[in-house]
Amino acid sequence: MTPASFPRRTAPARATTERVDVAAALWHAAWVAATALVGLALAGAGLLHVGRSTAALTLGAAPALLGLMLAPAPRTLPLRAPMLLFWAVAGAGASLMTGGVGGPLGAWCLGPLAAAAFMRRPRLVALAAALSLAAAAFSALGASLMALPPPPAPLAAALGLLALATTGGGLGAALVRLAGEARRDRAVRGQLSDLMLDQPQLLLMLSPDGRIEGAVGRAPDGIAALALVGGGLVEAAVPGDRPRLEAALGRALAEGAAEAGFAPAADPQGWVIATLRRRSARGLLAVLRDGRGQRAREAEMERARDLAQSQNAGKSRFLANMSHELRTPLNAIMGFSDIMRQRLFGPLSDRYVEYAELVHESGGHLLELINDILDMSKIEAERYELSREVFDARDAVAGVLRLMRGQADRAGVQLRGVLPREPLECDADRRALKQIALNLISNALKFTPKGGSVTVTALAVGEVLELVVADSGVGIGRQDIARLGNPYEQAGEAEQRAAGTGLGLSLVTAFARLHGGEMNIESELGEGTTVTVRLPVLLPADTPETEGAS
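When you line the sequence shown up against the working numbering, it's residues 61 to 610, in that order.
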């Protein structure tokens with residue numbers, strides 16, 4: 061089916077102004093020049109005197125002169141119809157003053173038609189023809205009523221030749237011009253038709269109910285373009301894919317665009333992708349293309365994603381299962397080094413005690429890192445189970461503050477706790493809550509320079525426990541905040557990154573989510589950081605008051 065099968069659409073409105081039409085300007089100039097030269101020649105020969113013939117020549121040249129004056133300036137569309145009316149009035153008046161439509165200037169009644177041909181507006185030709193016919197009728201009626209005599213024979217012959225030359229020449233030139241433009245238009249339409257037929261997709265025009273009104277282009281395998289016209293696009297899909305295609309049609313009508321893939325009914329093993337666009341209230345435009353290659357790539361990506369997820373889950377399960385094997389030797393190392401540093405089985409030299417102290421400290425640090433990794437692996441493997449109990453959240457937070465006091469003193473950072481007077485009875489995992497506070501305070505101390513401060517606040521907001529850790533440290537850039545909370549992601553300088561595994565905030569996020577809560581980070585570079593963890597774990601109680609505890 062060719063592009064001509066598509067319903068015609070209204071052409072878009074042209075610009076209100078356009079460039080000067082050189083051919084039309086030349087025709088107006090030729091009309092004025094010919095009328096002036098003939099008038100001067102007849103006056104010089106003594107055939108033309110001031111009277112009706114002179115007035116007729118002047119009136120006949122007036123619309124051409126006006127058109128020539130307007131040619132250099134941008135012309136507006138609303139002036140075209142008045143110009144044609146002016147040509148009709150001038151032609152009828154000139155013809156009437158020289159004997160009517162049968163007189164020498166009767167051909168000037170066709171002036172509107174010649175002007176419309178030069179305007180290159182097919183819709184104006186009908187109006188011009190009607191105006192020309194009205195001008196001729198008015199001239200004939202006026203001549204019969206007023207019985208004006210025609211000019212003398214020599215003058216009449218000269219005026220007749222002038223009228224035929226100007227009107228006939230204009231009509232002939234305009235017709236030649238229109239014929240050339242028509243040939244060019246046909247050539248362009250032919251090229252466009254070939255292009256549309258050869259392009260590798262099938263274009264469809266659909267009615268609002270999904271019926272196919274026109275088709276052009278190369279149909280994908282399994283789609284018969286000619287057989288589709290008059291039917292519904294949904295019927296071209298296998299029954300199982302039709303609901304998805306119907307939903308896409310509805311979305312395209314409601315939202316303006318949609319896309320859906322389907323297996324064609326004639327080739328269930330194939331795959332076609334339909335891209336839908338709303339063209340107007342009258343319906344949709346659809347583009348059908350072969351989607352087998354895209355479907356194969358998507359299937360390959362899906363298999364690769366499943367494999368990666370399976371391998372990651374296997375890694376997490378392995379680490380979760382290795383919990384006992386990794387922790388047991390570390391606990392033994394720490395236990396024996398603790399015995400040695402306390403000299404429980406006899407005296408040791410100070411050098412050996414120092415080494416035992418270093419072994420115990422390094423083992424403790426390694427155990428913390430391994431615990432973080434194992435906890436995250438259990439969470440990723442969905443094998444971490446909360447051990448819920450009812451306890452006072454203040455005790456857990458205060459215990460962490462006491463534990464971190466020594467680290468804060470060594471770093472030269474003031475650590476302050478703000479806890480309520482009234483109990484914060486909660487139903488949560490005590491170890492997870494302590495781990496949340498420990499990780500947040502450890503992070504804050506790591507990024508707070510000497511002389512700074514870290515403030516830990518616990519308060520109740522309804523049944524939500526809010527734990528806020530605010531520091532006066534270096535702050536976090538906006539580009540880093542978005543990725544913090546993901547496993548193994550770190551921020552800060554290389555020296556600070558080397559001090560941990562990047563699991564602290566990810567564990568905080570994971571523990572908060574396991575309790576049905578969330579973590580939020582607010583920070584600006586150079587202005588410190590505030591991390592807020594909200595846990596809906598509080599038992600019903602009155603809102604407590606807070607007090608500072610340094």
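Backbone N, C-alpha and C fix where the C-beta goes; we use that ideal spot for every residue, glycine too.
Phe322 sits away from Leu348, with the two beta carbons spaced by 7 Å or more. Thr114: member of the alpha helix (DSSP H) spanning 112-130, first to last residue.
Contact between the segment 264-279 and the segment 291-300 is present: 3 or more CB-CB pairs across the two stretches fall below 8 Å. Contact between Leu266 and Gly343 holds, since their C-beta atoms are separated by about 5 Å, short of 8 Å. Phe405 counts as exposed, since fewer than 16 other beta carbons sit within 10 angstroms of its beta carbon.
Three or more Cβ pairs closer than 8 Å define a contact, and the segment 462-477 falls short of that threshold against the segment 427-439. Spanning the alpha carbons of Glu417 and Leu390 requires a straight line of approximately 15 Å. Bounds of any alpha helix (DSSP H) do not take in Ser532, whose DSSP letter is neither H nor E. Here Asn499 is buried. Its C-beta has 16 or more other C-beta atoms within 10 Å. In its chain, beyond the 5 residues on either side, Leu585 have a beta carbon closer than 6 Å to the beta carbon of Gly537. Distance check between Ser113 and each of Gly316, Ala216, Val185, Leu505 places Ala216 closest, using alpha-carbon atoms only.
With respect to the 7 Å criterion, Cys169 and Ala189 are not classified as neighbours on the basis of their beta carbons. For Asp281, no beta strand (DSSP E) segment is defined, and its DSSP state is neither H nor E. Burial check for Asp281: the Cβ neighbour count within 10 Å stays below 16, so the residue is exposed. Between the alpha carbons of Ala318 and Asp245 lies a gap of roughly 35 Å. Following the DSSP letters along the chain, one finds Gly274 in no alpha helix (DSSP H) but inside the beta strand (DSSP E) bounded by residues 272-277. Of the residues assessed, Asp350 falls on the buried side of the cut-off, its CB having 16 or more other CB atoms within 10 angstroms.
The alpha helix (DSSP H) runs of length 4 or more contained entirely in the segment 156-186 are, from start to end of the chain, 171-179. In the assembly as shown, Ile399 is an exposed residue. Its beta-carbon has fewer than 16 other beta-carbons within 10 Å.
If you draw a straight line from the Cα of Ala492 to the Cα of Arg338, it is about 54 Å long. Membership of Arg339 in the beta strand (DSSP E) is indicated by the continuous run 332-340. Burial is judged here by how many other beta carbons sit within 10 angstroms of a residue's own beta carbon; Arg401 has at least 16 and is buried.
Comparing C-alpha distances from Leu527 to each of Arg594, Glu485, Arg476 shows the shortest one belongs to Arg594. Among the bridge pairs identified by DSSP, Met579 is matched with Val593. Assigned with DSSP and collapsed to three states, Pro480 falls in strand. Secondary structure note for Glu315: it is in no beta strand (DSSP E), and the uninterrupted alpha helix (DSSP H) holding it is 302-315.
Assigned with DSSP and collapsed to three states, Thr517 falls in strand. Taking 7 Å as the cut-off, the beta carbon of Ala471 is found no closer than this to the beta carbon of Leu519. Excluding residues up to 5 positions away in sequence, Val413 lie with their Cβ nearer than 8 Å to the Cβ of Arg403 in the same chain. The count of Cβ pairs closer than 8 Å, one atom from the segment 118-130 and one from the segment 143-157, reaches three, so the stretches are in contact. Note on the segment 418-495: whole beta strand (DSSP E) runs with a minimum of 3 residues are 448-452, 474-480, 485-489, in chain order. Taking C-beta atoms as the reference points, Leu130 and Thr95 fail to come closer than 7 Å. Only exposed fits Val236, as fewer than 16 other CB atoms lie within 10 angstroms of its CB.
About 34 Å separates the CB atoms of Leu599 and Val473; that is not less than 8 Å, and the two are not in contact.
In this structure, the CA atom of Ala247 is about 10 Å from the CA atom of Glu241.
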